[in-house]
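A short worksheet on the structure shown next.
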Amino acid sequence: MATDTNTQKSPEIDAKLQLGIMLTIPFSFIGRQVIRWVNNLGAATIFLCLALIKTFRSKQLPKTVSQLFYIGAKSTAIIMLVSLFTGMVLGIQSYHALIKFGAQGAVGTLVSLSLIRELGPVLTAIMITARAGSAMTAEIGIQRISEQIDALKTMRIDPLKYLISPRVIASIISFPILTTVFDLIGIIGGYVSGVLLLGLNSGVYFHSIQANVEMKDISDGLIKAIVFAVIVSTVCCYQGYFSHLRRDSHGAKAVGFATTSAVVISCVLILVSDYVVTSFLI
Numbered sequence: 000m001a002t003d004t005n006t007q008k009s010p011e012i013d014a015k016l017q018l019g020i021m022l023t024i025p026f027s028f029i030g031r032q033v034i035r036w037v038n039n040l041g042a043a044t045i046f047l048c049l050a051l052i053k054t055f056r057s058k059q060l061p062k063t064v065s066q067l068f069y070i071g072a073k074s075t076a077i078i079m080l081v082s083l084f085t086g087m088v089l090g091i092q093s094y095h096a097l098i099k100f101g102a103q104g105a106v107g108t109l110v111s112l113s114l115i116r117e118l119g120p121v122l123t124a125i126m127i128t129a130r131a132g133s134a135m136t137a138e139i140g141i142q143r144i145s146e147q148i149d150a151l152k153t154m155r156i157d158p159l160k161y162l163i164s165p166r167v168i169a170s171i172i173s174f175p176i177l178t179t180v181f182d183l184i185g186i187i188g189g190y191v192s193g194v195l196l197l198g199l200n201s202g203v204y205f206h207s208i209q210a211n212v213e214m215k216d217i218s219d220g221l222i223k224a225i226v227f228a229v230i231v232s233t234v235c236c237y238q239g240y241f242s243h244l245r246r247d248s249h250g251a252k253a254v255g256f257a258t259t260s261a262v263v264i265s266c267v268l269i270l271v272s273d274y275v276v277t278s279f280l281i
């Protein structure tokens, strides 16, 4: 009798176990993803710290200047183009919104503060990510899969010092400068649309900028630019440096996936960190 009772209970126990396993599958998936994300975050932080420490060693200046030219100078044209039309759109939208309240004299204030505090740092970082960040990932990834990085180690050349540190420092220098260029050209774009096209008084436009833009606004925008520079350079270099460890692909395909991941992750982190930094600065 006892054996029959155990036999009857065992299917019920198995069914409950299966139900419990099915209920825990979503949570286990989320847990694995969180653990993987935390591991990658820690590895990227160590990666960045090692790159920054090795920046202060000798013979880094020529490589840093070369990266400054590539990341900064060669991105200037696209930054100026985007900022000009961004400022023009802001000028038109601000004018038509403020004229309903008879406050069209505040167009300059709205355009300048929008650019300096938010749009300038964010759009500059996204454009540099699209142009230079993707190229950094692809270049380092190709060097990894072609074993050039292993060859550097064989020749007793530190790959972090030779490849990563100049790019990180060049990004930290270039992002604030290009953000400033974006802000200036954007304000000129607002002048073109607001004053030259819509007939706003030029003196009112520039006076509202001078009266309402403070040094704190400029410094907050530059702080954001530096934060974005650290994020973009770290993510792009990290994805390229460890592209050979990807589970979903190998070889040239891994470099393509790493480049795509670097751009997407950088853009998402730019927007997330923008909110976080703004919360601390206000």
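The letter at position 72 of the sequence shown is residue 71 when you use numbering that gives the first Met the number 0, and the numbering goes up by one with no holes. Glycine included, C-beta positions come from ideal geometry on N, C-alpha and C.
Query	Result
Do we get a CB-CB distance below 8 Å when we pair K53 with the residues of chain D?	Here chain D cannot be found, since the structure has a single protein chain.
Leaving out the 5 sequence neighbours to the left and right, which residues in its chain are closer than 6 Å to G101 when beta-carbon positions are compared?	none
Any chance the stretch 223-230 sits against the stretch 121-132, with 3 or more Cβ pairs inside 8 Å?	yes
Rounding to the nearest angstrom, what Cα-Cα distance links T178 and L114 in this structure?	9 Å
Rank G220, M135, E213 and V106 by C-alpha distance to the C-alpha of S265 and give the top, closest one.	M135
Measuring straight from C-alpha to C-alpha, what distance separates L195 and G188?	10 Å
Would you say the stretch 142-161 touches the stretch 236-245, given that touching needs at least three Cβ pairs under 8 Å?	yes
Distance, Cα to Cα, S133 vs F279?	29 Å
Measure the alpha-carbon distance for V212 versus A105 and round it to whole angstroms.	12 Å
At the level of alpha carbons, what is the spacing between R245 and A253?	7 Å
Quick one: Cα of S284 to Cα of H95, how far?	Nothing in the structure corresponds to residue 284, since the chain is present only between 0 and 281.
Cα separation between D221 and G90?	It is worth fixing the name first, because residue 221 is Leu in this sequence and not Asp. Spanning the two alpha carbons is a distance of roughly 23 Å.
Taking the C-alpha atoms as reference points, what is the distance between F205 and A257?	45 Å
Identify every run of the alpha helix (DSSP H) within the stretch 58-103, keeping only runs that are complete inside it and at least 4 residues long; order them along the chain.	60-70 and 75-97
What do you get for I139, buried or exposed, if any count of 16 or more other CB atoms within 10 angstroms of its CB means buried?	buried
Give the range of the alpha helix (DSSP H) segment to which G250 is assigned.	G250 to L280
Smallest Cα separation from S260: which of C235, F84 and L159?	C235
Which one of A50, G41 and I45 has the shortest CA to CA distance from R166?	A50
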